[in-house]
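Engineer:
In our numbering, the protein residues as written are 926 to 1374.
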């Protein structure tokens, strides 16, 4: 039990380093892709592999002597704004003023155990923040956090149990990200870059110079990609949009292009022969969401402009795409495979043709970057009229169905992974306080009690 574990302060187990890298936002040359720049928004109570922004070497060095990198496998915690969010860094990163780096002494404590201690004691950490206007968590205050610390063997046993759950959650999340990237790449290849059409034309003997001038640059790029793939070693890895498609799939696409009267559509106004321009209203039905009071115990999720915002006992939609209609998340895209309610800050998109076309609609709306079509003076606003009038190149139904059949499997896998993650998170959140407090013993902790 924790009563047998000594009470210690966090400062006895770790050292602290505040982030001081805050380059001027006015200097574009300070930002780039060389150095990962950690901010509070990047902390997700899990592993941190990437940051939302990066700095150039010049931007990093603008901090002078404070230009320090946090090491991999150390902990970071947010000190202002949303205080107490934590993360285990998986790469070298520099931090801004909103984060503190926690470097655990391996001779005294297990790094992951301290990570879980910080997660468990977040309410206590929030109370350590000082300041009335904008509370800040200082290293001196963070170091005073007290907790009962078992021996190293017990700490590692606790970390292993909780870490196994978090590792599976992380693996599922990474799998979902990979599936999302593959789906977006396939949509772009087929319906934006028209790669299969170029492949068919090139395979039939059409020379790059025989393509319309507006398409020759793209044709040359595609030819070089095909040649590079064909000359590569069998073990080499290539993007999905470069690897040749099966013959039966290629046969769904034409081998020629035709020009439209809309230069902003397709590639400089050129689209695959036999496809036609149509408005979204031709095959998508848009409906406004409605306001709904949220319930903590409701059966169905309520979607707002940026995802789930509550629960309810009623549903209006099933297997549909949710579009953020207003505000900062105007144009944001969400997808729900099951029954749900959509708030009045959303527009819901369903298919006029068949529910089977939802995958194509989902990635079409993601590609269109709908925020650019928002109106409104005070804040961005999308409406059905604007969405209905947007024009796209419409392929054959067979071509879309081939895409739908592939991507629907991806979406189903993502849904199952998300559902499993919810269950794993519930188990972890039940075990966390019991293990950290010593209420629940592990095989190792029994010998240490």
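Every residue gets a Cβ at the ideal spot worked out from N, C-alpha and C, and that includes glycine.
Everything numeric in this text was worked out from a predicted model, so none of it was measured.
I'd like to know whether the C-beta atoms of residue 1037 and residue 1088 end up nearer to each other than 8 Å.
Structural biologist: On the chain shown, residue 1037 is found 112 positions in, with the first residue counted as 1. On the chain shown, residue 1088 is found 163 positions in, with the first residue counted as 1. Contact flag set, yes.
Engineer: Mapping the DSSP letters down to three states, classify residue 1000 as helix, strand or coil.
Structural biologist: Position 75 of the chain shown, counted from the first residue, corresponds to residue 1000. Residue 1000: strand per DSSP, three-state reduction.
Engineer: For the segment 1074–1087 against the segment 1355–1364, are there 3 or more C-beta pairs whose distance is under 8 Å?
Structural biologist: yes
Engineer: Is residue 1008 helix, strand or coil by DSSP?
Structural biologist: Counted from its first residue, the chain shown places residue 1008 at position 83. Residue state, collapsed to three classes: coil.
Engineer: Note down the Cα distance separating residue 1025 from residue 1331, rounded to an integer number of angstroms.
Structural biologist: One-based indexing of the chain shown puts residue 1025 at position 100. One-based indexing of the chain shown puts residue 1331 at position 406. Those two C-alpha atoms are separated by around 44 Å.
Engineer: Put residue 1163 into one of helix, strand or coil per three-state DSSP.
Structural biologist: Within the chain shown, numbered from 1, the residue matching residue 1163 stands at position 238. Bear in mind that a pLDDT of 48 at residue 1163, under 50, signals an unreliable position, so the model cannot answer this.
Engineer: Evaluate residue 1179 with the Cβ neighbour count: other Cβ atoms within 10 Å of its Cβ, from every protein chain shown; 16 or more gives buried, anything less gives exposed.
Structural biologist: Taking the first residue of the chain shown as 1, we reach residue 1179 at position 254. Result: buried.
Engineer: My guess is that residue 1133 and residue 1148 are in contact by the Cβ rule of under 8 Å, so how many angstroms apart are they, rounded?
Structural biologist: Residue mapping note: residue 1133 aligns to position 208 of the chain shown, counting from 1. Residue mapping note: residue 1148 aligns to position 223 of the chain shown, counting from 1. Right, their Cβ atoms sit about 6 Å apart.
Engineer: Confirm, please, whether the CB-CB distance from residue 1022 to residue 969 is below 8 Å.
Structural biologist: Position 44 of the chain shown holds residue 969. Position 97 of the chain shown holds residue 1022. Cβ distance not < 8 Å, so residue 969 and residue 1022 don't count as in contact.
Engineer: CA-CA distance, residue 930 and residue 1035?
Structural biologist: Along the chain shown, one-based indexing puts residue 930 at 5. Along the chain shown, one-based indexing puts residue 1035 at 110. When rounded, the distance between both Cα atoms is 15 Å.
Engineer: What residue from 982, 1041 and 992 has the CA that sits closest to residue 1010's CA?
Structural biologist: Counting from 1 along the chain shown, the entry for residue 1010 is found at position 85. Taking only the C-alpha atoms, the option nearest residue 1010 is 1041.
Engineer: If contacts are defined as beta-carbon pairs under 8 Å, then residue 1077 and residue 1053 qualify, I think. What distance do you get, rounded to the angstrom?
Structural biologist: On the chain shown, position 152 is the one that residue 1077 refers to. On the chain shown, position 128 is the one that residue 1053 refers to. Not a contact, Cβ separation roughly 26 Å.
Engineer: Could you tell me which of 942, 1336 and 961 sits nearest to residue 1001, measuring between CA atoms?
Structural biologist: Numbered from its first residue, the chain shown carries residue 1001 at position 76. Closest option to residue 1001, Cα to Cα, is 942.
Engineer: Where does residue 1172 fall in DSSP's three states?
Structural biologist: Position 247 of the chain shown, counted from the first residue, corresponds to residue 1172. DSSP places residue 1172 in helix when its eight states are reduced to three.
Engineer: Does the Cβ-Cβ distance between residue 1097 and residue 1345 come in under 8 Å?
Structural biologist: Position 172 of the chain shown, counting from 1, holds the residue named residue 1097. Position 420 of the chain shown, counting from 1, holds the residue named residue 1345. Yes; because the gap between Cβ atoms is below 8 Å, this pair is in contact.
Engineer: Report the rounded CA-to-CA distance for residue 1074 versus residue 1045, giving the unit in angstroms.
Structural biologist: Taking the chain shown and counting its residues from 1, one reaches residue 1074 at position 149. Taking the chain shown and counting its residues from 1, one reaches residue 1045 at position 120. Answer to the nearest angstrom: the Cα atoms are 13 Å apart.
Engineer: Quick one: what does DSSP say residue 1119 is sitting in, helix, strand or coil?
Structural biologist: If you number the chain shown from 1, residue 1119 lands on position 194. Coil at residue 1119, not helix or strand.
Engineer: Over what stretch of residues does the alpha helix (DSSP H) that includes residue 1333 continue unbroken?
Structural biologist: For the purposes of this step, residue 1333 is taken as residue 408 along the chain shown, with counting starting at 1. Per DSSP, residue 1333 belongs to the alpha helix (DSSP H) from 1322–1362.
Engineer: Residue 1241 by DSSP, collapsed to three states: which one?
Structural biologist: Here residue 1241 corresponds to residue number 316 of the chain shown, with the count starting at 1. Correct three-state label for residue 1241: coil.
Engineer: Taking only the alpha-carbon atoms, compute the straight-line gap between residue 1394 and residue 1226 and give it to the nearest angstrom.
Structural biologist: Residue 1394 is absent from the structure shown; the chain starts at 926 and stops at 1374.
Engineer: Can you name, in chain order, every residue of its own chain whose Cβ lies under 6 Å from the Cβ of residue 1311, other than the five neighbours on each side?
Structural biologist: Sequence index remark: in the chain shown, residue 1311 carries index 386 (1-based). Taken in chain order, the residues that qualify are 1298.
Engineer: Kindly list the residues whose CB is nearer than 7 Å to the CB of residue 1338, restricted to its own chain and excluding five residues on each side of it in sequence; keep chain order.
Structural biologist: Numbered from 1 along the chain shown, position 413 holds the residue referred to as residue 1338. Excluding positions up to five away in sequence, the list reads 1104.
Engineer: Taking the alpha carbon of residue 980 as the reference point, which residue from 967, 992 and 956 has its own alpha carbon closest?
Structural biologist: The residue labelled residue 980 in the question sits at position 55 within the chain shown. Residue 980 has its Cα closest to that of 956, out of 967, 992 and 956.
Engineer: So, do the segment 1278–1295 and the segment 1235–1248 have three or more beta carbon pairs nearer to each other than 8 Å?
Structural biologist: yes
Engineer: Restricting to Cα atoms, I'd like to know which of 1177, 1242 and 1005 is closest to residue 965.
Structural biologist: The sequence position of residue 965 within the chain shown is 40, counting from 1. Measuring from the Cα of residue 965, the nearest candidate turns out to be 1005.
Engineer: I'd like to confirm the pairing. Which residues does DSSP put opposite residue 962 in its beta bridges?
Structural biologist: Taking the chain shown and counting its residues from 1, one reaches residue 962 at position 37. Beta-bridge pairing links residue 962 to 978 and 1019.
Engineer: Taking contact to mean at least 3 C-beta pairs separated by less than 8 Å, is the segment 1228–1244 in contact with the segment 1257–1265?
Structural biologist: yes
Engineer: Can you have a look at residue 1091 and say buried or exposed, based on whether 16 or more other CB atoms are within 10 angstroms of its CB?
Structural biologist: In the chain shown, counting from the first residue as 1, residue 1091 sits at position 166. Buried, since its Cβ has 16 or more Cβ neighbours within 10 Å.
Engineer: Answer with buried or exposed for residue 1201, where buried requires no fewer than 16 other C-beta atoms within 10 angstroms of its C-beta.
Structural biologist: Mapped onto the chain shown, residue 1201 falls at position 276. Exposed, since its Cβ has fewer than 16 Cβ neighbours within 10 Å.
Engineer: Rounded to whole angstroms, what's the CA-CA distance from residue 1223 to residue 972? Just pull it up for me.
Structural biologist: The sequence position of residue 1223 within the chain shown is 298, counting from 1. The sequence position of residue 972 within the chain shown is 47, counting from 1. Distance between the alpha carbons of residue 1223 and residue 972 is about 31 Å.
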